[in-house]
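> One structure, pasted below without further comment.
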Amino acid sequence: MRYLVTSFYGLFHIQTSVKVAGSSYTVRTVYGAVLMLLAILASSLIFHSTTYAAPGDPISIPDANFEACVLDEVTHANPTYVTEAEAAAYNGLLDCGQSGVSSVEGLHFFTAVTVLYLLDNSISDLSP
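In the numbering used here, the protein residues as written are 2 to 129.
What follows is the structure in structure tokens.
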């Protein structure tokens, strides 16, 4: 006589007992883990969305000294912030030397800058 008994234990583990001709065999599978991972992946693909800044949105420059330098250097319509479009279009010299800058976060918006001058600042990380 042949029959299957399946029981769940733990969160991801399925144990299946198979009885064939009086002998009992236990087969451990990972179907539960695979199904759970597929469900998580599917839900992350369905509910995940990426938000991009519009060209007219102000860029974020956390370092106050770097922001002041950028506002002084870049010609723009609003003297209190620089938009993403203005930053991307700026293609001159960005001179922030001796400005007390410690972080250049926000520099990645300036994709067309031809010369960057950051001499005599206390910058320890150049990652975006």
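Glycine included, every Cβ here is placed at the ideal spot set by N, Cα and C. Predicted model only: the values in this text are computed from it and were never measured.
(1) Output the distance between the C-alpha atoms of Asp73 and Asp96, rounded to the nearest integer angstrom.
(2) Considering only residues of the same chain and omitting the five flanking positions on each side of Leu12, which have a CB-CB separation below 6 angstroms?
(3) Which two residues bound the contiguous beta strand (DSSP E) that contains Val71?
(4) Using the Cβ count rule (16 or more neighbours within 10 Å means buried), how would you classify Tyr10?
(5) Do you know how far the Cα of Phe67 is from the Cα of Leu127?
(6) Suppose you measure from the CA of Ala78 to the CA of Ser125; what does that come to, to the nearest Å?
(7) Among the candidates Thr84, Ser61, Asp121, whose CA atom is the shortest distance from the CA of Val102?
(8) DSSP three-state call for Leu39: helix, strand or coil?
(9) Can you name, in chain order, every residue of its own chain whose Cβ lies under 8 angstroms from the Cβ of Gly98, other than the five neighbours on each side?
In this structure, then:
(1) 10 angstroms
(2) Caution is warranted here: a pLDDT of 49 is assigned to Leu12, below 50, making its placement in the model unreliable, and the coordinate value is therefore given only provisionally. Nothing listed; no residue qualifies.
(3) It is not in any beta strand (DSSP E) - Val71 instead sits in the alpha helix (DSSP H) that spans 65 to 74.
(4) The pLDDT assigned to Tyr10 is 48, lower than 50, so where the model puts this residue is not dependable, and the model offers no usable value.
(5) 13 angstroms
(6) 32 angstroms
(7) Asp121
(8) helix
(9) Tyr118, Leu119, Leu120, Asp121, Asn122
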